[in-house]
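Add 853 to a position in the sequence shown, counting from 1, and you land on the number used in our numbering.
C-beta atoms are modelled at their ideal positions from N, C-alpha and C, and glycine is treated no differently.
Beneath this line is the structure, given in structure tokens, with notes to follow.
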Amino acid sequence: MRILVVNVNTTATMTQSIADAAKAVANKKTEIVELTPFIGADSVEGNYESYLSAVAVMDRVLAYEDHYDAVIQAGFGEHGKEGLMEICDVPVIDITEAAAHTAMLLGYRFSVVTTLDRACPLIEERLLLAGLHQHCASVRASGLSVLELEEDPSLVSQAIAQEAKKAVEEDKAEVIVLGCGGMAGLDKKIAEVTHAPVVDGVSCAVKLAESMVTLGLRTSKVRTYAPPRPKNVQYWPLHRHIFSSNTLKGDN
């Protein structure tokens, strides 16, 4: 089984961190292939960058020519998952939804702790679109930028733990969701402070993807996520991959 894990930003070190977290929970026979977009911002922290990353992620997946069994979009609250589902017939897992679904199996209400405050509305919108917002107690910002997550591990853990503890004590959350792909690997440290289950979206997405592939499930092409109609799209995909409604990526 081969799973593509696609970072939404162009920071290679963050791609590697996400890949390490994915490989740590993957089955021995699962191959994790990490991908970094060819274009885009070095961090995604707003609508402009999120829409840019949506195109960049689709472009990167289209450029991957070998067989794969599932795709994970490793950006929290980002746009583009629906586009990926149209161009792929294999399962497409968004780490936001994977984390929220898992959290709902562990407690009645969950809270998300993310990076900057401006990222909170994007996460709320993704949860709303996925029908998961009703069990979300809050979306809290740690005040750290995405790139700061790699600078000082002790500072990062402290800032996230502080908001996670408030989510449990003040917002009555029963499960904490780490709201950024760059937070992968911090779950145990935050759990020690909050005494609540802590969910990492990357890990959840890997196990969910493995389960869907094992069950033989694929993205429905009946209506909403049918392949794009054949059209001449100027100057894209960037690497001149020919796309038609009769050839779906992943169908090898």
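- Excluding its 5 nearest sequence neighbours in each direction, A879 has C-beta neighbours in its own chain below 6 Å: I885, V1059, listed in chain order.
- Taking 3 residues as the minimum length, the beta strand (DSSP E) runs contained wholly in the segment 870 to 936 are 884 to 888, 923 to 927, in order along the chain.
- Residue environment for Q869: exposed (fewer than 16 other C-beta atoms within 10 angstroms of its C-beta).
- Secondary structure note for D1040: its alpha helix (DSSP H) is the uninterrupted segment 1040 to 1047.
- In this model, E898 and H932 are separated by some 12 Å (Cα to Cα).
- Going by C-alpha positions, D947 is about 13 Å away from T1072.
- V910 is positioned such that its CB atom lies closer than 9 Å to that of Q926.
- In this structure, E887 is the residue among E887, S896, F929, Y901 with its C-alpha nearest to the C-alpha of V914.
- By DSSP's assignment, N1085 forms no beta bridge with any residue.
- Judged by their CB atoms, A994 and T955 are not nearer to each other than the 9 Å cut-off.
- Between the beta-carbon of T949 and that of G930 there is about 5 Å, and that keeps the pair under the 8 Å contact cut.
- Between A953 and A983, the C-beta gap is smaller than 9 Å, which places the two residues in contact.
- Boundaries of the alpha helix (DSSP H) harbouring S1056: 1054 to 1067, taken from the DSSP string.
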